[in-house]
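In the working numbering, the protein residues as written are 3 to 148.
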(Lines of atoms letter the chains of each structure in order from A and count residues from 1; the text may use other names and numbers.)
(Lines give C-alpha, C1' and ligand atoms only; values in the text may rest on other atoms or scores of the structure.)
Protein backbone atom coordinates (compact mmCIF):
# COMPACT_ATOMS: atom_id res chain seq x y z
CA UNK A 1 0.00 0.00 0.00
CA UNK A 2 2.91 2.35 0.65
CA UNK A 3 3.94 2.09 -3.01
CA UNK A 4 0.35 2.81 -4.09
CA UNK A 5 0.35 5.87 -1.81
CA UNK A 6 3.57 7.04 -3.42
CA UNK A 7 1.89 6.75 -6.82
CA UNK A 8 -1.11 8.72 -5.55
CA UNK A 9 1.15 11.57 -4.43
CA UNK A 10 2.46 11.84 -8.00
CA UNK A 11 -0.88 13.32 -9.03
CA UNK A 12 -0.24 16.37 -6.82
CA UNK A 13 1.02 18.41 -9.77
CA UNK A 14 -2.15 17.71 -11.77
CA UNK A 15 -5.84 18.25 -11.10
CA UNK A 16 -6.41 14.51 -10.78
CA UNK A 17 -7.80 12.95 -7.62
CA UNK A 18 -4.81 11.42 -5.80
CA UNK A 19 -5.37 7.68 -6.19
CA UNK A 20 -2.55 5.21 -6.76
CA UNK A 21 -2.59 1.53 -7.64
CA UNK A 22 -0.13 -1.31 -8.11
CA UNK A 23 -0.47 -4.87 -9.32
CA UNK A 24 1.75 -7.55 -7.82
CA UNK A 25 2.08 -11.07 -9.19
CA UNK A 26 1.89 -14.30 -7.22
CA UNK A 27 5.58 -13.94 -6.27
CA UNK A 28 5.05 -10.45 -4.86
CA UNK A 29 6.77 -8.69 -7.75
CA UNK A 30 5.28 -5.38 -8.91
CA UNK A 31 4.14 -5.87 -12.51
CA UNK A 32 1.99 -2.77 -12.97
CA UNK A 33 1.58 0.70 -11.50
CA UNK A 34 -0.84 3.54 -12.09
CA UNK A 35 -2.20 6.77 -10.72
CA UNK A 36 -5.27 8.70 -11.75
CA UNK A 37 -4.67 10.54 -15.02
CA UNK A 38 -8.12 11.53 -16.27
CA UNK A 39 -7.43 15.26 -16.18
CA UNK A 40 -3.89 14.83 -17.44
CA UNK A 41 -4.90 12.69 -20.44
CA UNK A 42 -8.52 13.67 -21.03
CA UNK A 43 -9.38 9.96 -20.83
CA UNK A 44 -12.39 9.10 -18.66
CA UNK A 45 -11.08 5.56 -18.19
CA UNK A 46 -7.66 6.67 -16.90
CA UNK A 47 -8.32 5.58 -13.33
CA UNK A 48 -5.33 4.32 -11.33
CA UNK A 49 -6.66 0.75 -11.28
CA UNK A 50 -7.25 0.57 -15.02
CA UNK A 51 -3.81 1.98 -15.79
CA UNK A 52 -2.16 -0.48 -13.37
CA UNK A 53 -4.11 -3.39 -14.93
CA UNK A 54 -3.05 -2.30 -18.43
CA UNK A 55 0.59 -2.10 -17.36
CA UNK A 56 0.42 -5.52 -15.67
CA UNK A 57 -1.17 -7.11 -18.72
CA UNK A 58 1.51 -5.63 -20.95
CA UNK A 59 4.29 -6.81 -18.62
CA UNK A 60 2.89 -10.32 -18.31
CA UNK A 61 1.74 -10.62 -21.92
CA UNK A 62 -1.80 -11.65 -21.01
CA UNK A 63 -5.10 -10.11 -20.03
CA UNK A 64 -5.69 -12.86 -17.46
CA UNK A 65 -4.19 -11.65 -14.21
CA UNK A 66 -4.95 -14.77 -12.19
CA UNK A 67 -2.71 -14.94 -9.14
CA UNK A 68 -2.25 -11.17 -9.11
CA UNK A 69 -3.26 -8.70 -6.43
CA UNK A 70 -4.34 -5.14 -7.12
CA UNK A 71 -3.52 -2.70 -4.30
CA UNK A 72 -5.25 0.70 -4.51
CA UNK A 73 -5.55 3.65 -2.15
CA UNK A 74 -9.32 4.15 -2.68
CA UNK A 75 -12.10 1.57 -2.98
CA UNK A 76 -12.66 0.94 -6.71
CA UNK A 77 -15.66 2.38 -8.57
CA UNK A 78 -18.02 0.28 -10.70
CA UNK A 79 -15.87 0.61 -13.84
CA UNK A 80 -12.72 -0.47 -12.03
CA UNK A 81 -14.48 -3.24 -10.09
CA UNK A 82 -15.80 -4.61 -13.39
CA UNK A 83 -12.31 -4.45 -14.89
CA UNK A 84 -10.91 -6.37 -11.91
CA UNK A 85 -13.47 -9.12 -12.40
CA UNK A 86 -12.88 -9.29 -16.16
CA UNK A 87 -9.09 -9.38 -15.67
CA UNK A 88 -9.51 -12.32 -13.24
CA UNK A 89 -7.49 -10.56 -10.52
CA UNK A 90 -7.25 -12.89 -7.52
CA UNK A 91 -7.23 -10.29 -4.75
CA UNK A 92 -8.15 -6.63 -4.30
CA UNK A 93 -6.62 -4.66 -1.43
CA UNK A 94 -7.82 -1.11 -0.87
CA UNK A 95 -7.24 1.67 1.62
CA UNK A 96 -10.03 4.22 2.07
CA UNK A 97 -13.66 3.30 1.52
CA UNK A 98 -15.75 5.35 -0.90
CA UNK A 99 -19.28 5.75 0.43
CA UNK A 100 -20.34 7.74 -2.66
CA UNK A 101 -19.03 5.51 -5.45
CA UNK A 102 -17.39 2.42 -3.94
CA UNK A 103 -18.18 -0.84 -5.74
CA UNK A 104 -16.22 -3.25 -3.54
CA UNK A 105 -18.58 -3.29 -0.58
CA UNK A 106 -19.57 0.29 0.27
CA UNK A 107 -22.26 1.39 -2.17
CA UNK A 108 -22.18 -1.67 -4.44
CA UNK A 109 -20.38 -5.00 -4.24
CA UNK A 110 -19.63 -5.78 -7.87
CA UNK A 111 -16.64 -8.01 -7.17
CA UNK A 112 -18.63 -10.39 -4.98
CA UNK A 113 -21.75 -10.59 -7.14
CA UNK A 114 -22.53 -14.30 -7.45
CA UNK A 115 -23.96 -13.76 -10.94
CA UNK A 116 -20.48 -13.04 -12.28
CA UNK A 117 -18.00 -15.71 -13.31
CA UNK A 118 -15.13 -14.51 -11.10
CA UNK A 119 -15.01 -13.14 -7.55
CA UNK A 120 -11.68 -11.92 -6.18
CA UNK A 121 -10.83 -11.92 -2.49
CA UNK A 122 -11.23 -8.46 -0.95
CA UNK A 123 -9.18 -6.87 1.84
CA UNK A 124 -10.25 -3.34 2.75
CA UNK A 125 -9.10 -0.67 5.14
CA UNK A 126 -5.33 -1.09 4.70
CA UNK A 127 -3.70 2.19 5.79
CA UNK A 128 -7.19 3.68 5.48
CA UNK A 129 -6.41 6.76 7.58
CA UNK A 130 -3.40 7.72 5.46
CA UNK A 131 -5.21 7.05 2.21
CA UNK A 132 -8.24 9.00 3.39
CA UNK A 133 -6.17 11.94 4.61
CA UNK A 134 -4.55 12.33 1.20
CA UNK A 135 -8.00 12.51 -0.39
CA UNK A 136 -9.40 14.85 2.29
CA UNK A 137 -6.50 17.26 1.83
CA UNK A 138 -6.98 17.23 -1.95
CA UNK A 139 -10.68 18.00 -1.79
CA UNK A 140 -10.26 20.62 0.93
CA UNK A 141 -7.74 22.34 -1.33
CA UNK A 142 -10.16 22.21 -4.24
CA UNK A 143 -12.92 23.78 -2.14
CA UNK A 144 -10.56 26.39 -0.72
CA UNK A 145 -11.18 25.12 2.81
CA UNK A 146 -8.30 25.08 5.24
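Positions of the beta carbon are idealized from the N, C-alpha and C atoms, including for glycine. The model shown is predicted, which means the values in this text are computed figures rather than measured ones.
Outcome for residue i when other beta-carbon atoms lying within 10 angstroms are tallied against a minimum of 16
| i | result |
| --- | --- |
| residue 35 | buried |
| residue 54 | buried |
| residue 138 | exposed |
| residue 9 | buried |
| residue 17 | exposed |
Residue span of the beta strand (DSSP E) that contains residue i, given as start and end
| i | result |
| --- | --- |
| residue 34 | 32-37 |
| residue 72 | 71-76 |
Residue i, enclosing alpha helix (DSSP H) - first and last residue
| i | result |
| --- | --- |
| residue 1 | The structure shown does not extend to residue 1, since the chain is modelled only from 3 through 148, so no value can be given for it. |
Option in the options with minimal Cα separation from residue i
| i | options | result |
| --- | --- | --- |
| residue 30 | 58, 126 and 112 | 58 |
| residue 86 | 120, 128 and 12 | 120 |
| residue 78 | 12, 16, 71 and 104 | 104 |
| residue 50 | 28, 81, 27 and 70 | 81 |
Cutoff 6 angstroms; reference residue i; Cβ partners in own chain excluding five residues on either side
| i | result |
| --- | --- |
| residue 123 | 93 |
| residue 19 | 38 |
| residue 114 | 121 |
Cutoff 8 angstroms; reference residue i; Cβ partners in own chain excluding five residues on either side
| i | result |
| --- | --- |
| residue 67 | 25, 55, 58, 59, 89, 90, 91 and 92 |
Own chain partners of residue i with C-beta closer than 7 angstroms, once the 5 adjacent residues on each side are dropped
| i | result |
| --- | --- |
| residue 133 | 7, 75, 76, 97 and 98 |
Can we say the stretch 100-114 touches the stretch 56-71, given the rule of at least three CB pairs closer than 8 angstroms?
no
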